[in-house]
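Let me begin by presenting the structure, written as C-alpha coordinates, before commenting on it.
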Amino acid sequence: MKHTNRQTQHHTLTDLYKALDRQHAATITCLKEEKNTAGKKTGHLVQDIRTLEIYEIRTTRDGHIVIEAMDRQSGETRTVRVDRILTYTLHRIGYTLTRPEPTTYERPAPAPTTDAQALFFYELARDQDDADYRPRRKLTQTDTDLVA
419 MKHTNRQTQH HTLTDLYKAL DRQHAATITC LKEEKNTAGK KTGHLVQDIR TLEIYEIRTT
479 RDGHIVIEAM DRQSGETRTV RVDRILTYTL HRIGYTLTRP EPTTYERPAP APTTDAQALF
539 FYELARDQDD ADYRPRRKLT QTDTDLVA
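Note that the numbering used here has the sequence shown beginning at 419, numbered continuously upward.
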(Lines of atoms letter the chains of each structure in order from A and count residues from 1; the text may use other names and numbers.)
(Lines give C-alpha, C1' and ligand atoms only; values in the text may rest on other atoms or scores of the structure.)
Protein backbone atom coordinates (compact mmCIF):
# COMPACT_ATOMS: atom_id res chain seq x y z
CA MET A 1 0.00 0.00 0.00
CA LYS A 2 1.36 3.39 -0.98
CA HIS A 3 0.38 6.62 0.75
CA THR A 4 0.05 9.57 -1.59
CA ASN A 5 0.98 12.10 1.11
CA ARG A 6 4.49 10.57 1.21
CA GLN A 7 5.20 10.88 -2.51
CA THR A 8 4.73 13.33 -5.35
CA GLN A 9 1.66 13.35 -7.58
CA HIS A 10 3.99 12.58 -10.48
CA HIS A 11 5.01 9.29 -8.84
CA THR A 12 1.36 8.43 -8.15
CA LEU A 13 0.43 9.07 -11.78
CA THR A 14 3.38 6.98 -12.96
CA ASP A 15 2.17 4.02 -10.92
CA LEU A 16 -1.41 4.44 -12.14
CA TYR A 17 -0.25 4.64 -15.76
CA LYS A 18 1.70 1.41 -15.25
CA ALA A 19 -1.46 -0.26 -13.97
CA LEU A 20 -3.35 1.08 -16.99
CA ASP A 21 -0.71 -0.13 -19.47
CA ARG A 22 -0.45 -3.58 -17.90
CA GLN A 23 -4.22 -3.78 -17.34
CA HIS A 24 -3.86 -4.52 -13.65
CA ALA A 25 -6.51 -3.65 -11.09
CA ALA A 26 -5.84 -1.02 -8.40
CA THR A 27 -7.44 -0.68 -4.99
CA ILE A 28 -7.68 2.93 -3.89
CA THR A 29 -8.79 4.76 -0.79
CA CYS A 30 -10.10 8.15 -1.78
CA LEU A 31 -12.23 11.01 -0.58
CA LYS A 32 -15.58 11.39 -2.27
CA GLU A 33 -18.35 13.91 -1.79
CA GLU A 34 -21.15 12.74 0.46
CA LYS A 35 -24.68 12.85 -0.91
CA ASN A 36 -27.91 13.29 1.02
CA THR A 37 -31.02 11.14 0.61
CA ALA A 38 -32.15 13.25 -2.37
CA GLY A 39 -28.86 12.54 -4.18
CA LYS A 40 -27.48 16.08 -3.88
CA LYS A 41 -23.88 16.69 -2.83
CA THR A 42 -23.51 18.02 0.72
CA GLY A 43 -19.92 19.25 0.43
CA HIS A 44 -18.60 16.83 3.07
CA LEU A 45 -15.85 14.44 2.05
CA VAL A 46 -15.96 10.81 3.20
CA GLN A 47 -13.46 8.00 2.71
CA ASP A 48 -14.27 5.30 0.20
CA ILE A 49 -12.37 2.13 -0.77
CA ARG A 50 -12.77 0.84 -4.32
CA THR A 51 -11.05 -1.70 -6.56
CA LEU A 52 -10.87 -0.15 -9.99
CA GLU A 53 -9.93 -1.18 -13.51
CA ILE A 54 -8.50 2.01 -14.99
CA TYR A 55 -9.20 2.69 -18.64
CA GLU A 56 -8.42 6.42 -18.97
CA ILE A 57 -6.49 9.18 -17.21
CA ARG A 58 -7.35 12.68 -18.36
CA THR A 59 -7.42 16.34 -17.35
CA THR A 60 -10.66 18.22 -16.77
CA ARG A 61 -11.44 21.79 -17.81
CA ASP A 62 -10.76 22.88 -14.23
CA GLY A 63 -7.23 21.44 -14.41
CA HIS A 64 -7.86 18.42 -12.18
CA ILE A 65 -6.43 15.07 -13.21
CA VAL A 66 -9.10 12.37 -13.05
CA ILE A 67 -9.14 8.62 -13.48
CA GLU A 68 -11.93 6.97 -15.44
CA ALA A 69 -12.30 3.38 -14.29
CA MET A 70 -14.68 0.48 -13.92
CA ASP A 71 -15.63 -0.30 -10.32
CA ARG A 72 -15.40 -4.00 -9.56
CA GLN A 73 -17.96 -3.87 -6.77
CA SER A 74 -20.78 -2.25 -8.74
CA GLY A 75 -19.61 -2.84 -12.31
CA GLU A 76 -20.21 0.82 -13.14
CA THR A 77 -17.94 3.59 -14.39
CA ARG A 78 -16.33 5.76 -11.71
CA THR A 79 -14.44 9.02 -11.94
CA VAL A 80 -11.85 9.72 -9.24
CA ARG A 81 -9.74 12.84 -8.87
CA VAL A 82 -6.05 12.02 -8.35
CA ASP A 83 -5.62 14.71 -5.69
CA ARG A 84 -8.31 12.98 -3.58
CA ILE A 85 -6.57 9.59 -3.54
CA LEU A 86 -5.19 8.85 -0.07
CA THR A 87 -3.70 5.37 -0.58
CA TYR A 88 -3.51 2.88 -3.39
CA THR A 89 -2.38 -0.67 -4.03
CA LEU A 90 -1.53 -2.04 -7.45
CA HIS A 91 -2.46 -5.69 -7.99
CA ARG A 92 -1.32 -8.23 -10.55
CA ILE A 93 -4.91 -9.24 -11.18
CA GLY A 94 -5.99 -8.65 -14.78
CA TYR A 95 -9.14 -6.86 -15.88
CA THR A 96 -12.41 -8.81 -15.70
CA LEU A 97 -15.01 -6.17 -16.55
CA THR A 98 -15.88 -4.94 -20.01
CA ARG A 99 -15.61 -1.20 -20.35
CA PRO A 100 -18.32 0.84 -22.07
CA GLU A 101 -17.85 1.75 -25.70
CA PRO A 102 -16.48 5.26 -26.15
CA THR A 103 -18.89 7.77 -27.56
CA THR A 104 -18.05 9.50 -30.80
CA TYR A 105 -17.40 13.20 -30.70
CA GLU A 106 -19.24 15.24 -33.26
CA ARG A 107 -17.56 18.53 -33.95
CA PRO A 108 -20.01 21.45 -33.81
CA ALA A 109 -20.33 23.67 -36.83
CA PRO A 110 -17.95 26.63 -36.67
CA ALA A 111 -19.56 29.92 -35.77
CA PRO A 112 -19.04 32.64 -38.36
CA THR A 113 -16.90 35.56 -37.22
CA THR A 114 -17.94 38.09 -39.87
CA ASP A 115 -21.09 38.91 -41.81
CA ALA A 116 -19.50 37.76 -45.07
CA GLN A 117 -18.57 34.43 -43.55
CA ALA A 118 -22.07 34.07 -42.08
CA LEU A 119 -23.56 34.63 -45.54
CA PHE A 120 -21.16 32.06 -47.00
CA PHE A 121 -22.16 29.42 -44.41
CA TYR A 122 -25.83 30.25 -44.93
CA GLU A 123 -25.54 29.72 -48.68
CA LEU A 124 -23.75 26.40 -48.24
CA ALA A 125 -26.22 25.13 -45.66
CA ARG A 126 -29.27 26.25 -47.65
CA ASP A 127 -29.03 23.49 -50.21
CA GLN A 128 -27.06 20.41 -49.23
CA ASP A 129 -26.73 19.28 -52.86
CA ASP A 130 -24.86 22.46 -53.73
CA ALA A 131 -22.60 22.21 -50.68
CA ASP A 132 -20.24 20.02 -52.70
CA TYR A 133 -18.68 22.74 -54.79
CA ARG A 134 -15.90 20.57 -56.24
CA PRO A 135 -15.93 20.03 -60.02
CA ARG A 136 -17.55 16.82 -61.25
CA ARG A 137 -14.60 16.00 -63.49
CA LYS A 138 -10.92 16.81 -63.33
CA LEU A 139 -10.14 20.09 -65.03
CA THR A 140 -7.05 20.48 -67.14
CA GLN A 141 -5.43 23.54 -68.64
CA THR A 142 -6.70 22.68 -72.11
CA ASP A 143 -10.39 22.86 -71.10
CA THR A 144 -11.59 25.98 -72.88
CA ASP A 145 -15.32 25.28 -72.87
CA LEU A 146 -15.54 26.41 -69.22
CA VAL A 147 -14.00 29.82 -69.82
CA ALA A 148 -16.36 32.71 -69.26
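C-beta: ideal position from N, C-alpha, C; glycine also.
Pair within 8 angstroms by beta-carbon distance, K420 and T505
Working through the sequence shown from its first residue, we reach residue 420 at position 2. Working through the sequence shown from its first residue, we reach residue 505 at position 87. Against a cut-off of 8 angstroms, the Cβ pair of T505 and K420 comes out as a contact.
Quick check on the burial criterion: 16 or more other C-beta atoms within 10 angstroms. Buried or exposed for L470?
As a first step, residue 470 is located in the sequence shown; it is residue number 52 there, counting from the start. With 16 or more Cβ atoms within 10 Å of its Cβ, L470 is classed as buried.
Just to confirm the assignment, what range does the alpha helix (DSSP H) spanning R440 have?
Locating residue 440 in the sequence shown gives position 22, counting from the first residue. Per DSSP, R440 belongs to the alpha helix (DSSP H) from Q427 to R440.
By how many angstroms is the C-alpha of Y513 removed from the C-alpha of V464?
By one-based count along the sequence shown, residue 464 stands at place 46. By one-based count along the sequence shown, residue 513 stands at place 95. One C-alpha to the other measures close to 27 angstroms.
Within the same chain, show all residues whose beta-carbon is closer than 6 angstroms to that of V498, passing over the 5 residues directly before and after it, in chain order.
If you number the sequence shown from 1, residue 498 lands on position 80. Cβ neighbours of V498 beyond the five flanking positions: C448 and I485.
I'd like to know whether the C-beta atoms of L537 and H442 end up nearer to each other than 8 angstroms.
Start at 1 with the first residue of the sequence shown, and residue 537 comes out as number 119. Start at 1 with the first residue of the sequence shown, and residue 442 comes out as number 24. No, the Cβ-Cβ distance between L537 and H442 is not below 8 angstroms.
Which residues bound the beta strand (DSSP E) around H462?
As a first step, residue 462 is located in the sequence shown; it is residue number 44 there, counting from the start. Its beta strand (DSSP E) spans residues K459 to T477.
Helix, strand or coil, according to DSSP, for L542 in the structure here?
For this step, residue 542 is matched to residue 124 along the sequence shown. Three-state DSSP puts L542 in a helix.
Quick one: is T422 buried, meaning 16 or more other Cβ sit within 10 Å of its Cβ, or exposed?
As a first step, residue 422 is located in the sequence shown; it is residue number 4 there, counting from the start. Flag for T422 reads buried.
Best match in R496, F539 and Y540 for proximity to I467 [C-alpha to C-alpha]:
Counting from 1 along the sequence shown, the entry for residue 467 is found at position 49. Residue R496 is the option with its Cα nearest to I467.
Any idea if L434 is buried or exposed, counting beta-carbon neighbours within 10 angstroms, 16 or more meaning buried?
Within the sequence shown, the letter at position 16 stands for residue 434. That one is buried.
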